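**Q**
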Amino acid sequence: MKNIYSIVIIALLLVSCGGDKKNSTENVLESNSLESIRKKRGELVNEQQAIHDQIKLLDEKIKSLDTTQNVPLITTLTAKTEKFEHVLELQGNVTTKDLLTITPEYNGILTYVYVKEGQKVRKGQLLAKIDDGGLSQQVAQLKIQSELAKTTYERQKRLWDQNIGSEIQYLQAKSTYESQQEAVNQLQQQIAKTTVKAPFSGTIDDVITEQGSVVAAGQTPLMRIVNLDNMYIEVEVPESYISNVVKGKKVEVEIPVLGKTIETKIRQASDFINPANRTFKAEIEVANKDKDIKPNLTARLKINDYTSENAILIPQSVISENAEGEQYVYIVADKNQKGIGTAKRIIIKTGKTQGDVIEVLNNLKEGAEIVKEGARSVKDGQTVEVIGYKEMGNE
């Protein structure tokens, strides 16, 4: 308003004297008289000073009459309830329980490798064979002895059933037959260890040891087998979330390398806290129909650890804190049609944050008009003028 009055006064003065001044100036310039030109310039300077003094008087009068010029200009936003789903952001690794590096159960020479890298195999399929070192021949001999012991036992049993012969002969024959059978079984179990079979259906990812190599039981890696059907993500969760991160919670999985986002759930949450880093493990299942998700890929997780159906969310930037550590915001009360109202300070308690917003737990009702821009400059009980407002969610 002050600027408008100033412009009006200047315009009136210029209009009132513009014609004469223009003509006088032109005449003086045409005269080429240095004395006349200097005199005219002095007159114009005096007129300029007089105008400046009049504008100053007008400004002082405006200041005394305008009661709203010191009212702070603010913008506001209207609080409303909405569903709030807080997420815990973590990073995990893709893995599978069907990933195994196969080692032999028997010492010897790897005589045959029946599979190649990339080959799909079934559970129980023969993958490799280790030389048994003559165990097969020993089994054949033991079987002959076992058949003889069986025949002797059966004859002694028939005689014993007819009360012919002594009991000790019958028991000795029975014991000999059973021990021969046990010897054959044990040797066959040893021979079975010379064959390497697939522990589950999957794909041979890598053949590590070549045919003809000497292998050691439980030590030499033969090949790696993997199944991509049962993939999951393993993540370590801070212990403070143990009551919120539980089985069945929703999870958004992002795999940056693949540019893929998957909606899934937690399938298992451990009850054991690792004392070294104060975390517990959680498993998140992931569907892998396209077979493009591989073990050890990095995944970003957003775990829904808290949900409120009727939450009031406000920008963190509008919150201040007093000397006692209490958080507060300003709301506008008793606002009239011209947007003039009173700033009122409200002490609040806040909850979880998400991005740049935070949940307010008390003292702030739906529909409250919260001071946004200008919140740092107003005071409790001060008159303010609202020049714009928005509803939360429409910003």
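The letter at position 3 of the sequence shown is residue 3 when you use the UniProt record's numbering, and the numbering goes up by one with no holes. All residues carry an ideal CB built from backbone N, CA and C; glycine is no exception. None of these values were measured; they are calculated from a predicted model.
#1: Would you be able to state if there are at least three C-beta pairs under 8 Å between the region 236-256 and the region 297-304?
#2: Using the rule of at least 16 other Cβ atoms within 10 Å of the residue's Cβ for burial, across every protein chain shown, is Phe272 buried or exposed?
#3: Are there 16 or more other CB atoms within 10 angstroms of the CB of Val45, so buried, or fewer, so exposed?
#4: Does DSSP put Asn296 in a helix, a strand or coil?
#5: So what does DSSP say about Ser320, is it helix, strand or coil?
#6: Taking only three categories from DSSP, how would you classify Lys21?
#7: Under 8 Å, do Ile130 and Thr111 count as touching if we go by C-beta distance?
#8: Following the continuous alpha helix (DSSP H) through Arg155, name the residue where it begins and the one where it ends.
#9: Within its chain, find whatever has a CB closer than 7 Å to the CB of Thr101; leave out the 5 residues flanking it on each side and keep chain order.
#10: Alpha carbon to alpha carbon, how far is His86 from Gln354? Give it in angstroms, no decimals.
#11: Could you check what DSSP says for Ala192 in three-state terms: helix, strand or coil?
#12: Could you work out which residue in Asp334, Asn227, Val384 and Ile233 is closest to Gly118 when comparing CA atoms only?
#13: What are the boundary residues of the beta strand (DSSP E) that includes Tyr112?
#14: Tell me which residue opens and which closes the beta strand (DSSP E) that Glu117 is part of.
#15: Hey, how far is the Cα of Ser320 from the Cα of Gln327?
#16: Taking the alpha-carbon positions, what's the Asp356 to Pro238 distance?
#17: Report the residue from Val286, Arg122, Leu159 and Glu210 whose alpha carbon sits nearest the alpha carbon of Thr95.
#18: Quick check on the DSSP output: the beta strand (DSSP E) that includes Phe280 runs from which residue to which?
#19: Does Asp161 get closer than 8 Å to chain D when you measure Cβ to Cβ?
#20: Would you tell me roughly how many angstroms separate the C-alpha atoms of Ala192 and Leu159, rounded to the nearest one?
#21: If you draw a straight line from the alpha carbon of Ile168 to that of Gln137, how long is it in whole angstroms?
#22: With distances taken from CA atoms, which of His52, Lys349 and Gln172 is nearest Ala149?
#23: Could you please give the first and the last residue of the uninterrupted beta strand (DSSP E) stretch that includes Tyr330?
#24: Could you check whether the region 36-52 touches the region 331-347, counting it as contact only if at least three pairs of C-beta atoms, one from each stretch, sit closer than 8 Å?
#25: Would Lys22 be called buried (16 or more neighbouring beta carbons within 10 Å of its own) or exposed?
#26: Under a Cβ-count criterion, where at least 16 other Cβ atoms within 10 Å of its own Cβ denotes burial, should Gly124 be classed as buried or exposed?
**A** By the coordinates alone:
#1: yes
#2: exposed
#3: exposed
#4: coil
#5: strand
#6: With a pLDDT of 48 at Lys21, under the threshold of 50, the modelled position of this residue cannot be trusted; read the value that follows with caution. The answer is helix: DSSP assigns Lys21 an H, G or I state.
#7: yes
#8: Leu135 to Asp161
#9: Pro221 and Arg224
#10: 6 Å
#11: helix
#12: Asn227
#13: Gly108 to Val113
#14: Element bounds for Glu117: n/a, residue is neither H nor E.
#15: 6 Å
#16: 22 Å
#17: Val286
#18: Thr279 to Glu285
#19: The chain labelled as chain D is not found in the depicted structure, where only one protein chain is given.
#20: 38 Å
#21: 32 Å
#22: Gln172
#23: Gln327 to Ala333
#24: no
#25: Residue placement at Lys22 is flagged as unreliable, the pLDDT there being 48, under the threshold of 50; the coordinate-derived value follows with that caveat. Answer is exposed; the Cβ neighbour count stays below 16.
#26: exposed
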